[in-house]
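Following: one structure in structure tokens, then a few remarks.
2 protein chains.
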Amino acid sequence: MGGDFAPHAPVAGALQALEELGPEHSIVLVGRTEVVRQQLDELLNGDLAHLRDASNRLEFHEAPEVIEMTDRPSAALRGKPNSSMVVGTKLHADGLADAFVSAGNTGAQMAASTVLLRLHPGLKRPAIATLFPTAREPVVVLDSGANVDCSPQELVQFARLGSVYAEYMLGRTDPVVGLLSIGEEAEKGDMVTKEANHLLSGGDAGVNFQGNIEGRDIPLGHSDRGDFDVVVCDGFVGNVLLKFYEGIAPMIVEMVGKHAGVGRPELERVFGQLDYSEHGGAPLLGVRGVSIISHGRSSPRAIKNAIRVALRAVESRLSAHVGQRLAAAVPSVSDSSMDDSSSMATGGAA
Amino acid sequence: MGGDFAPHAPVAGALQALEELGPEHSIVLVGRTEVVRQQLDELLNGDLAHLRDASNRLEFHEAPEVIEMTDRPSAALRGKPNSSMVVGTKLHADGLADAFVSAGNTGAQMAASTVLLRLHPGLKRPAIATLFPTAREPVVVLDSGANVDCSPQELVQFARLGSVYAEYMLGRTDPVVGLLSIGEEAEKGDMVTKEANHLLSGGDAGVNFQGNIEGRDIPLGHSDRGDFDVVVCDGFVGNVLLKFYEGIAPMIVEMVGKHAGVGRPELERVFGQLDYSEHGGAPLLGVRGVSIISHGRSSPRAIKNAIRVALRAVESRLSAHVGQRLAAAVPSVSDSSMDDSSSMATGGAA
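Sequence lines, in order, name chains A and B. The numbering used here applies: residue 30 is where the first sequence begins, and numbers increase by one. The numbering used here applies: residue 30 is where the second sequence begins, and numbers increase by one.
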């Protein structure tokens with residue numbers, strides 16, 4: 030029921046995913062079954078008539094409530110226990126599904142995942158890892174919006190989470206981590222970034238740390254020190270950057286089309302590489318399980334790709350690897366509890 | 030002597046500016062006179078032979094020391110009082126020049142301007158205002174890197190500074206200000222941004238505040254609430270975004286050229302609109318005077334455009350208007366002194 034184009038996009042995307050993924054996979058559609066079935070019938074009598082076989086691997090699970098995009102996450106969770114978000118996450122938590130995918134309210138998905146799936150030890154909140162296309166290969170940027178006002182210790186955790194993602198989801202060997210700042214020197218940046226650079230440089234962090242990188246390095250996928258796979262930043266910066274990147278492709282299609290006389294379809298094909306829907310879904314890293322966040326504006330194609338991301342996360346045992354990496358970084362657990370106490374202090378002063 | 034291509038770029042850019050600006054203007058080249066004159070001779074005996082007349086309006090002022098890009102700003106200021114940065118800023122402070130332009134060490138330029146030109150009351154530090162090309166008209170983004178770890182009160186001051194810039198430098202009537210955040214709702218964002226939204230919404234700020242905008246709105250130059258002229262953010266976010274934007278144009282030229290078979294020169298002409306050198310220089314807002322920061326990688330063309338920006342700032346009496354706007358916003362002065370005391374507390378705790 031989630032996302033700007035529900036139920037059309039989720040139902041059509043699920044059908045397309047089943048077609049691609051093969052007969053051993055099935056998908057449970059969680060929501061108002063009557064509405065979902067009606068949407069399915071429309072698709073099977075229309076554009077997607079050729080996917081009738083695949084539709085036999087769809088199941089339905091009733092969830093009468095819907096969390097709206099404007100609902101406040103924690104209130105929605107308490108107030109709508111029968112929403113598709115809560116019910117779907119519970120299906121996964123109870124082992125009745127291997128993963129959960131949604132294009133609905135991101136905050137509510139984070140809250141539901143944190144409460145129902147729980148987090149690996151050493152984390153206070155999950156992080157969102159997003160793939161940014163570069164001139165080279167995509168790089169993982171995290172956090173992309175789940176956490177603002179981060180502590181240096183949280184940035185170190187993001188470095189670990191991103192390394193696991195790059196290794197198991199993207200197949201990168203000993204992934205290289207860059208810390209996003211405003212200069213390549215360790216002493217450049219705001220207070221949190223400078224301290225995070227110090228912690229990451231110490232070696233205890235257990236990641237292959239390259240040092241600070243700058244905004245201009247991201248589209249290239251490398252800095253003066255070489256290629257990187259993971260970009261670590263606060264969720265405020267990451268979210269601004271992600272949305273800025275999303276906004277640029279249409280602007281450039283417009284400009285190039287107007288001035289250089291290049292055809293729009295041709296350009297849009299090229300800029301598909303800059304299109305969020307290509308990658309489809311961002312795993313909520315740190316939860317014990319697989320919860321994939323899709324863009325609110327997800328098309329059927331984006332949903333299909335999000336389902337593929339979910340499958341890859343399950344097959345690569347992403348969550349188990351995250352748990353192992355965090356457990357191996359013993360100092361991080363105490364860092365994190367230190368950090369808890371500093372948050373409490375802030376709360377007390379407010 | 031500043032920038033990656035000195036003395037070539039500053040000398041060639043100054044010549045080109047004189048040619049364009051007409052006979053009533055002259056430029057003082059500050060630096061190692063022998064080196065500067067030798068560079069000039071080379072240009073006048075080579076590519077720029079046609080600008081010999083313009084060169085009669087060049088003057089020379091000896092400054093034997095050079096602040097390197099890697100020098101620490103405050104140490105450089107004390108240790109190199111005869112640097113082109115210090116000597117040039119002093120010429121302007123003493124009224125012997127109407128403006129100062131440099132492609133050198135940005136931190137040192139900020140420090141020199143703050144100490145020698147001084148700031149308008151109500152400010153602790155100057156801000157850097159940068160023009161971002163959009164699908165519509167350029168928008169002013171500030172701060173673009175002069176200030177990290179900003180207070181909400183500082184963001185309010187940026188809103189005022191940006192409004193004056195948009196009005197007097199860009200000719201926008203009653204410029205619209207957006208606050209960069211991670212959601213359009215007032216309660217979205219980190220702690221500083223949420224508090225800044227509250228202060229800006231109050232009406233005392235004296236700016237035409239639209240509310241929060243998101244990263245995706247910047248390339249469009251408008252949000253769902255309409256067009257905006259000024260984007261307010263912390264200097265960390267602004268600098269990351271600026272450099273990201275700079276890095277994207279070359280990446281896209283590469284991608285489009287490869288996939289769509291469009292000629293490189295054609296694309297580069299289009300992406301000139303995304304090129305920093307088009308706009309050339311960013312005024313250091315808040316100083317009593319005109320100090321223009323050029324990119325370290327400035328070409329002669331970028332320097333020429335920076336000189337044009339300086340001239341526009343002088344002719345529009347930008348600095349005087351900034352002073353008037355800040356003085357009119359009486360609450361801001363007390364806000365700012367409140368903010369000073371909180372900085373002191375932070376200093377004491379460190």
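Every residue gets a Cβ at the ideal spot worked out from N, C-alpha and C, and that includes glycine. In this text, all values refer to a predicted model and were calculated from it rather than measured experimentally.
Minimum C-alpha distance to residue i - residue among the options
i, options, result
"T143 (chain B)", "B:H121, B:A132, B:A164, B:A278", "B:H121"
"A195 (chain A)", "A:A158, A:V221, A:E213, A:L209", "A:A158"
"N85 (chain B)", "B:S103, B:R101, B:V57, B:L106", "B:V57"
"G231 (chain B)", "B:M198, B:G255, B:A358, B:E344", "B:A358"
"V25 (chain B)", "B:V259, B:A43, B:K333", "This structure does not reach residue 25 (chain B), given that chain B is present from 30 up to 379, and the question cannot be answered."
"A140 (chain B)", "B:P162, B:D127, B:H251, B:K119", "B:K119"
"L270 (chain A)", "A:P162, A:L148, A:F238", "A:P162"
"D82 (chain B)", "B:P248, B:G136, B:Q45", "B:Q45"
"E97 (chain A)", "A:G325, A:G352, A:E183", "A:G325"
"H227 (chain B)", "B:G200, B:R201, B:R254, B:L184", "B:L184"
"P150 (chain B)", "B:R341, B:R317, B:S328", "B:R317"
"Y197 (chain B)", "B:L355, B:P36, B:A41, B:V351", "B:V351"
"A133 (chain B)", "B:D246, B:L199, B:S320", "What sits at residue 133 (chain B) in the sequence shown is Gly, not Ala. It is B:S320."
"Q186 (chain B)", "B:K109, B:P167, B:A234, B:L199", "B:A234"
"S55 (chain B)", "B:M30, B:Q67, B:L87, B:H79", "B:L87"
"D246 (chain B)", "B:G108, B:L73, B:G207, B:K217", "B:G207"
"V59 (chain B)", "B:A78, B:V116, B:G136", "B:V116"
"A41 (chain B)", "B:G32, B:L72, B:I277, B:F257", "B:L72"
"G31 (chain B)", "B:D70, B:H79, B:A126, B:Q138", "B:Q138"
"E216 (chain B)", "A:P102, A:L77, A:E216", "A:P102"
"A126 (chain A)", "A:S348, A:V343, A:A349", "A:V343"
"L160 (chain B)", "B:R147, B:A356, B:A35, B:S192", "B:S192"
"S131 (chain A)", "A:D33, A:D256, A:R107, A:R165", "A:D33"
"K153 (chain A)", "A:M220, A:L313, A:A35", "A:L313"
Neighbouring residues, chain A, relative to residue i (Cβ below 8 Å)
i, result
"D76 (chain B)", "Near D76 (chain B) there are no residues of chain A at all, since even the closest Cβ is about 28 Å away, more than 8 Å."
"R245 (chain B)", "K272, F273, E275, G276"
"A92 (chain B)", "Per Cβ cutoff of 8 Å: no residues; A92 (chain B) is ~26 Å from chain A at best."
"V266 (chain B)", "F265, V266, V269"
Residue range of the unbroken beta strand (DSSP E) whose run includes residue i
i, result
"V193 (chain A)", "Not the beta strand (DSSP E): V193 (chain A) falls in the alpha helix (DSSP H), residues 181-197."
"N226 (chain B)", "Per DSSP, N226 (chain B) belongs to no beta strand (DSSP E); it is in the alpha helix (DSSP H), 220-230."
"H324 (chain B)", "Element bounds for H324 (chain B): n/a, residue is neither H nor E."
"D60 (chain A)", "Per the sequence presented here, residue 60 (chain A) reads as Gly, with Asp not at that position. Unbroken beta strand (DSSP E) run through G60 (chain A): 56-60."
"T163 (chain B)", "No beta strand (DSSP E) holds T163 (chain B); DSSP gives it neither H nor E."
"A311 (chain A)", "310-314"
"G207 (chain B)", "205-209"
"H90 (chain A)", "87-91"
"V13 (chain B)", "Shown here, chain B extends from 30 to 379; a query on residue 13 (chain B) therefore has no answer."
Span of the alpha helix (DSSP H), counted from its first residue to its last, around residue i
i, result
"P39 (chain A)", "37-50"
"G235 (chain B)", "Unbroken run through G235 (chain B): none, as it is neither H nor E."
"E216 (chain A)", "Segment: none, E216 (chain A) is in no alpha helix (DSSP H) and carries neither H nor E."
"G427 (chain A)", "This structure gives no information on residue 427 (chain A), because the portion of chain A shown stretches from 30 to 379."
"N334 (chain B)", "329-344"
"R405 (chain A)", "In this structure chain A extends from 30 to 379, so residue 405 (chain A) is not present and cannot be described."
"R81 (chain B)", "81-84"
Per-residue contacts from residue i into chain A (C-beta, under 7 Å)
i, result
"M220 (chain B)", "D178"
"L249 (chain B)", "G276, M280"
"G174 (chain B)", "I211"
Under 9 Å by beta carbon: chain A residues contacting residue i
i, result
"L190 (chain B)", "Those within 9 Å of L190 (chain B) in chain A number zero; the least Cβ separation is about 19 Å."
Partners in chain B for residue i, counting only beta-carbon separations shorter than 7 Å
i, result
"V59 (chain A)", "Those within 7 Å of V59 (chain A) in chain B number zero; the least Cβ separation is about 26 Å."
"A38 (chain A)", "Chain B residues near A38 (chain A): none, gap ~19 Å exceeds 7 Å."
"A126 (chain A)", "Neighbours of A126 (chain A) on chain B: none; closest Cβ ~29 Å, over 7 Å."
Listed by chain order, chain B residues near residue i by CB distance under 8 Å
i, result
"A156 (chain A)", "Here the premise fails: no neighbours, minimum Cβ distance about 14 Å."
"F257 (chain A)", "By Cβ distance, chain B contributes nothing, its closest Cβ being about 14 Å from F257 (chain A), past 8 Å."
"A215 (chain A)", "Chain B residues near A215 (chain A): none, gap ~13 Å exceeds 8 Å."
### Task
Mind the definition here: the region 256-276 of chain A touches the region 167-183 of chain A only if three or more C-beta pairs lie below 8 Å; say whether that holds.
yes
Subject >> Touch test, the region 328-339 of chain A against the region 42-60 of chain A, Cβ-Cβ under 8 Å, three pairs minimum >> reply: yes
**Asked** Any chance the region 85-102 of chain B sits against the region 52-66 of chain B, with 3 or more Cβ pairs inside 8 Å?
**Response** yes
Handout entry: Every unbroken alpha helix (DSSP H) inside the region 93-135 of chain A [4 residues or more]
Key = 102-108, 113-122
Q | Meets three-Cβ-pair contact criterion under 8 Å: the region 203-220 of chain B and the region 234-251 of chain A | A | no
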